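Protein sequence lines, in the order shown, are assigned to chains A and B. Okay, so the first sequence: first residue is 1 according to UniProt numbering, each after it adds one. Okay, so the second sequence: first residue is 1 according to UniProt numbering, each after it adds one. For glycine and all other residues, C-beta sits at the position ideal for the given N, C-alpha and C. Fair warning: this is a prediction, and the values are worked out from it, not measured in the lab. Since the structure comes first, as structure tokens, the remarks are kept for the end.
There are 2 protein chains.
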Amino acid sequence: MTAITELAAALAPGKILTDPDVTDSYARDRTFLEPGKPLAVVLAETRDDVVAVMRWATRHRVPVVPRGAGTGLAGGATSVDGGVVLALHKMTAIRELSPADEIAVVEPGVITADLDRAAREHGLMYAPDPSSYEISTIGGNLATNAGGLRCVKYGVTRDSALGLEVVLADGRVIDTGRRTVKGVTGYDLTGLFIGSEGTLGVITAATVRLRRAPASYPATIAAEFTSLRDAAAAVSAIIAAGCQPSLLEMLDRTTLEAVEAWRSIGLEPATKAMLIGQADSADADAVSARMVELCEANGASFVAASSSPEEAQELIWVRRMAYQAKEKLGKCLVEDVCVPRSALPFMIEKIEAIAARHDALIATVAHAGDGNLHPVFIFDHALPEPPPNVWAAADEVFREALAMGGTLTGEHGVGLLKRRWLALETGPVTEELHHGIKGLFDPLGILNPGKAI
Amino acid sequence: MTAITELAAALAPGKILTDPDVTDSYARDRTFLEPGKPLAVVLAETRDDVVAVMRWATRHRVPVVPRGAGTGLAGGATSVDGGVVLALHKMTAIRELSPADEIAVVEPGVITADLDRAAREHGLMYAPDPSSYEISTIGGNLATNAGGLRCVKYGVTRDSALGLEVVLADGRVIDTGRRTVKGVTGYDLTGLFIGSEGTLGVITAATVRLRRAPASYPATIAAEFTSLRDAAAAVSAIIAAGCQPSLLEMLDRTTLEAVEAWRSIGLEPATKAMLIGQADSADADAVSARMVELCEANGASFVAASSSPEEAQELIWVRRMAYQAKEKLGKCLVEDVCVPRSALPFMIEKIEAIAARHDALIATVAHAGDGNLHPVFIFDHALPEPPPNVWAAADEVFREALAMGGTLTGEHGVGLLKRRWLALETGPVTEELHHGIKGLFDPLGILNPGKAI
Numbered sequence: 001m002t003a004i005t006e007l008a009a010a011l012a013p014g015k016i017l018t019d020p021d022v023t024d025s026y027a028r029d030r031t032f033l034e035p036g037k038p039l040a041v042v043l044a045e046t047r048d049d050v051v052a053v054m055r056w057a058t059r060h061r062v063p064v065v066p067r068g069a070g071t072g073l074a075g076g077a078t079s080v081d082g083g084v085v086l087a088l089h090k091m092t093a094i095r096e097l098s099p100a101d102e103i104a105v106v107e108p109g110v111i112t113a114d115l116d117r118a119a120r121e122h123g124l125m126y127a128p129d130p131s132s133y134e135i136s137t138i139g140g141n142l143a144t145n146a147g148g149l150r151c152v153k154y155g156v157t158r159d160s161a162l163g164l165e166v167v168l169a170d171g172r173v174i175d176t177g178r179r180t181v182k183g184v185t186g187y188d189l190t191g192l193f194i195g196s197e198g199t200l201g202v203i204t205a206a207t208v209r210l211r212r213a214p215a216s217y218p219a220t221i222a223a224e225f226t227s228l229r230d231a232a233a234a235v236s237a238i239i240a241a242g243c244q245p246s247l248l249e250m251l252d253r254t255t256l257e258a259v260e261a262w263r264s265i266g267l268e269p270a271t272k273a274m275l276i277g278q279a280d281s282a283d284a285d286a287v288s289a290r291m292v293e294l295c296e297a298n299g300a301s302f303v304a305a306s307s308s309p310e311e312a313q314e315l316i317w318v319r320r321m322a323y324q325a326k327e328k329l330g331k332c333l334v335e336d337v338c339v340p341r342s343a344l345p346f347m348i349e350k351i352e353a354i355a356a357r358h359d360a361l362i363a364t365v366a367h368a369g370d371g372n373l374h375p376v377f378i379f380d381h382a383l384p385e386p387p388p389n390v391w392a393a394a395d396e397v398f399r400e401a402l403a404m405g406g407t408l409t410g411e412h413g414v415g416l417l418k419r420r421w422l423a424l425e426t427g428p429v430t431e432e433l434h435h436g437i438k439g440l441f442d443p444l445g446i447l448n449p450g451k452a453i
Numbered sequence: 001m002t003a004i005t006e007l008a009a010a011l012a013p014g015k016i017l018t019d020p021d022v023t024d025s026y027a028r029d030r031t032f033l034e035p036g037k038p039l040a041v042v043l044a045e046t047r048d049d050v051v052a053v054m055r056w057a058t059r060h061r062v063p064v065v066p067r068g069a070g071t072g073l074a075g076g077a078t079s080v081d082g083g084v085v086l087a088l089h090k091m092t093a094i095r096e097l098s099p100a101d102e103i104a105v106v107e108p109g110v111i112t113a114d115l116d117r118a119a120r121e122h123g124l125m126y127a128p129d130p131s132s133y134e135i136s137t138i139g140g141n142l143a144t145n146a147g148g149l150r151c152v153k154y155g156v157t158r159d160s161a162l163g164l165e166v167v168l169a170d171g172r173v174i175d176t177g178r179r180t181v182k183g184v185t186g187y188d189l190t191g192l193f194i195g196s197e198g199t200l201g202v203i204t205a206a207t208v209r210l211r212r213a214p215a216s217y218p219a220t221i222a223a224e225f226t227s228l229r230d231a232a233a234a235v236s237a238i239i240a241a242g243c244q245p246s247l248l249e250m251l252d253r254t255t256l257e258a259v260e261a262w263r264s265i266g267l268e269p270a271t272k273a274m275l276i277g278q279a280d281s282a283d284a285d286a287v288s289a290r291m292v293e294l295c296e297a298n299g300a301s302f303v304a305a306s307s308s309p310e311e312a313q314e315l316i317w318v319r320r321m322a323y324q325a326k327e328k329l330g331k332c333l334v335e336d337v338c339v340p341r342s343a344l345p346f347m348i349e350k351i352e353a354i355a356a357r358h359d360a361l362i363a364t365v366a367h368a369g370d371g372n373l374h375p376v377f378i379f380d381h382a383l384p385e386p387p388p389n390v391w392a393a394a395d396e397v398f399r400e401a402l403a404m405g406g407t408l409t410g411e412h413g414v415g416l417l418k419r420r421w422l423a424l425e426t427g428p429v430t431e432e433l434h435h436g437i438k439g440l441f442d443p444l445g446i447l448n449p450g451k452a453i
């Protein structure tokens with residue numbers, strides 16, 4: 001019996017795919033990276049399916065690449081040659097939703113926005129909202145410790161995760177963390193698995209924290225600026241004034257042009273940046289008015305504000321559409337540096353200078369309240385991967401971010417794309433510890449090999 | 001040269017204490033536990049002192065017990081026979097405080113409340129406030145992942161820590177985490193060190209997140225109830241109404257009697273429980289009024305509210321004094337179970353029943369909004385340790401908490417006191433992973449041996 005026949009025998013019929021035409025679509029994430037050729041794709045429906053795969057993989061020393069919806073932007077879920085893709089998108093049960101304890105227990109294939117909607121039926125919300133939240137899964141969010149637009153107020157995925165059910169490399173199952181909002185029994189394995197990009201275990205359920213949903217749709221403002229520096233100054237002023245926005249996003253001119261090219265938005269020739277802010281606190285209207293004032297005081301050329309959901313959604317539509325608009329212009333290398341908040345304007349200016357110097361098209365959006373920037377390097381659709389000038393520009397962006405006390409990745413993960421810069425941030429002793437931890441959890445090196453560390 | 005002479009030679013004069021009468025006071029925490037006899041106490045003043053101690057300890061295989069202010073309640077910092085106590089309370093520098101980035105870089109000996117006061121000079125706050133915050137250190141808070149009264153709104157110590165400087169068992173130094181509010185480069189070593197009670201490394205600095213301080217002193221309420229269940233129902237109603245208190249504490253009759261016995265507070269004979277709540281949001285007065293309403297609707301026999309700092313501090317004084325009052329009555333075994341919020345009233349009733357069945361004096365305060373209870377078992381001053389009936393009662397409390405989906409410790413740590421129940425919560429596979437991690441970071445087993453895991 002071949003290894004694959006043995007795997008098929010361990011699973012119910014229909015759960016294993018081996019036709020290369022079919023498996024290819026499960027081999028990729030949202031990057032340009034050309035994946036390895038998987039032996040098979042397993043469509044897991046239960047924890048036991050995952051256990052069966054990991055036991056089999058340990059027996060045969062076959063690499064396993066866990067996969068959510070494939071919306072990753074760093075190559076964390078691209079398949080490897082001769083490996084199995086362990087697709088978890090069919091594990092979509094919300095096993096429990098307790099309004100009294102404000103928690104839910106969910107499987108990894110649940111779409112993030114679906115969990116949020118389920119919570120809202122009880123006056124609660126699931127706070128983490130990566131831009132991909134309508135198409136990405138909780139499992140993928142946990143694997144990369146995804147952030148999102150609301151995390152300026154509510155924190156990243158880690159901040160909403162209390163405990164995990166994890167299948168280890170050898171198929172044993174553990175529960176980490178707890179159902180309570182506090183707890184310090186034992187080492188923080190929950191935190192260790194979150195953001196580890198499937199290299200330490202396969203998450204088959206998560207106990208997540210829900211929060212009381214705001215009473216109404218957030219008050220929303222959008223402001224245009226004729227200089228990036230003015231927009232950045234407005235951000236600093238908003239934070240310094242203690243506004244506590246629930247969303248604070250900045251878009252540069254190149255991003256706005258990409259949106260304009262796709263769907264005309266009447267972009268003014270002088271506009272260099274747009275700032276979008278929301279507030280969802282009890283005094284949201286007052287906060288919104290204060291944000292408008294601060295934008296005007298910092299030279300905004302145009303400011304709009306609304307607390308009607310329809311108008312507000314129109315104001316943030318440009319932000320939600322930004323990535324799709326860029327993908328129309330070319331292939332995208334999406335980066336994700338994060339700098340201390342006060343360094344944001346300097347980082348934006350560095351990116352502009354780097355783009356000019358390398359003749360690269362870089363369109364930047366930023367979760368401005370967090371100092372997290374997404375410079376998107378757009379290159380020719382016809383090219384298989386970024387040309388040398390784009391890589392050179394990306395290299396400079398990483399080095400500048402680190403020099404400012406920043407990090408390579410705020411919320412997308414290291415995956416494959418950022419591994420070559422990893423040592424610049426972590427250093428040799430930390431790398432040794434990372435590999436020690438990897439060896440402890442995955443002694444055969446079969447869990448998503450070559451990623452994250 | 002003896003090992004101790006060699007250690008003394010590696011440090012500046014006056015940094016090493018060996019007189020048993022002096023070292024004894026550094027060998028204890030705040031529990032009744034009789035510590036082992038240390039060889040010496042090192043009063044570290046710099047990171048290099050810590051490096052010197054760990055290099056020496058590795059060379060000679062001597063156990064090292066890191067120590068903050070010794071305010072621990074689980075035996076995490078009690079010394080071991082033949083070991084060195086590495087006292088960090090003299091490392092008190094606030095290396096940096098950046099209002100623009102809302103972060104501070106602090107050494108482990110900084111008193112928690114001192115950091116908060118330093119932040120408030122800039123309109124910011126350091127949120128974590130364990131009851132001991134006027135006497136405990138940031139290093140100790142990190143070692144136990146301390147919670148506090150405000151953590152119902154602002155989270156525990158982990159939620160305010162961005163990065164650490166850590167001296168490893170062999171004296172090598174690493175920086176974990178980052179200065180940015182988000183970041184996913186590499187495994188979450190920051191989270192791994194936090195709550196590990198000095199068993200994986202010695203924290204010599206932390207980059208912590210500061211938050212915008214509320215504009216005014218929190219609006220405060222105190223309510224008395226003639227039944228614990230009514231008080232618990234008021235808690236549930238306050239949470240369900242979305243009040244988002246910044247503090248929500250409950251005290252039982254036994255606790256109130258301890259305070260009454262120490263400093264007369266005019267305790268009514270019928271009062272069975274007190275609830276203390278605060279709100280610090282922009283609409284704090286409205287939230288406070290709503291909390292008053294909900295207490296009254298749930299049968300409060302008396303309710304007071306105030307937003308004047310003096311009056312408010314008087315209202316919460318009873319809570320802040322609770323532990324000191326109990327220590328007047330006897331030696332204390334302080335427990336720290338945490339249950340899902342909805343289980344709080346059931347847990348309180350179980351504790352009462354357990355106290356009665358075992359004829360044990362148990363005074364309970366609870367961080368009610370978090371489901372975190374501190375049943376304090378009070379026993380005779382003359383006894384060296386809790387008598388069998390107290391241990392039997394504590395055992396039942398732990399088992400009940402776990403049966404309700406809770407945890408052994410919400411914020412104090414496992415230390416020595418809770419190790420015998422650890423396996424009930426974690427299970428054998430997780431224990432194996434804990435010991436694997438311990439072996440990776442501390443292969444000689446010299447860092448705070450016998451604690452936490």
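Going by C-alpha to C-alpha distance, which of the options sits closest to residue i?
i: residue 456 of chain A; options: A:G242, A:F302, A:A3; result: In the structure displayed, chain A extends from 1 to 453; residue 456 of chain A sits before or after that span and is not available.
i: B:L248; options: B:A232, B:A261, B:V64; result: B:A232
i: B:T144; options: B:P66, B:R172, B:R117, B:R211; result: B:P66
i: A:E197; options: A:V365, A:R59, A:G76; result: A:G76
i: residue 461 of chain A; options: A:K37, A:G70, A:R172, A:E165; result: This structure gives no information on residue 461 of chain A, because the portion of chain A shown stretches from 1 to 453.
i: B:L417; options: B:L88, B:L115, B:D29, B:A119; result: B:D29
i: A:K323; options: A:A261, A:A118, A:G139; result: It should be pointed out that residue 323 of chain A corresponds to Tyr in this sequence rather than to Lys. Ranking the options by Cα distance to A:Y323, first place goes to A:A261.
i: B:C338; options: B:A353, B:V365, B:D359; result: B:V365
i: B:L383; options: B:K438, B:L329, B:R212, B:G183; result: B:L329
i: A:G413; options: A:A118, A:P345, A:P130; result: A:P130
Please work out which residues of its chain come closer than 7 Å, Cβ to Cβ, to residue i, disregarding the five sequence neighbours upstream and downstream, and give them in chain order.
i: B:A363; result: D252, T254, T255, A258, K326, V376, I378
i: B:L11; result: V42, D49, A52
Taking all protein chains shown into account, do 16 or more other C-beta atoms lie within 10 angstroms of the C-beta of residue i, making it buried, or fewer, making it exposed?
i: B:H435; result: exposed
i: B:T199; result: buried
i: A:E121; result: exposed
i: B:R95; result: exposed
Could you give the first and the last residue of the continuous beta strand (DSSP E) run that contains residue i?
i: B:C332; result: 331-334
i: A:E96; result: 94-98
i: A:E432; result: Where A:E432 is concerned, there is no enclosing beta strand (DSSP E), although the alpha helix (DSSP H) it sits in stretches over 428-441.
i: A:L33; result: Counting along the chain, A:L33 falls outside any beta strand (DSSP E), and DSSP gives it neither H nor E.
Going along the chain, which residues of its own chain have a beta-carbon closer than 8 Å to the beta-carbon of residue i, five neighbours each way excluded?
i: B:G163; result: D175, T176, G177, R178, R179, T190, A206, T207
i: B:S98; result: A104
i: B:A119; result: L97, A104, M125, Y126, L210, A213
Excluding the five sequence neighbours on either side, which residues of its own chain have a C-beta within less than 6 Å of the C-beta of residue i, listed in chain order?
i: A:L7; result: W56
i: B:G195; result: N145
i: A:T71; result: R30, S132, I135, S136
i: A:E385; result: F32
i: B:L168; result: G201
i: A:I316; result: I276
Can you name the start and end residues of the alpha helix (DSSP H) that residue i belongs to?
i: A:M54; result: 47-60
i: B:L248; result: Element bounds for B:L248: not the alpha helix (DSSP H) but the beta strand (DSSP E), 247-252.
i: B:P20; result: 20-23
i: B:R117; result: 112-120
Note to self: As an exercise, report each continuous alpha helix (DSSP H) stretch of at least 4 residues that is fully enclosed by the stretch 340-401 of chain A, in chain order.
What the structure shows: 344-358
- Mind pulling the beta strand (DSSP E) runs of 3 or more residues that sit fully within the stretch 143-231 of chain B? 161-167, 173-177, 202-209, 219-225
Worksheet item: For the stretch 261-306 of chain A, which segments carrying the alpha helix (DSSP H) assignment without a break, of at least 4 residues, lie completely within its bounds, in sequence order?
Response: 284-297
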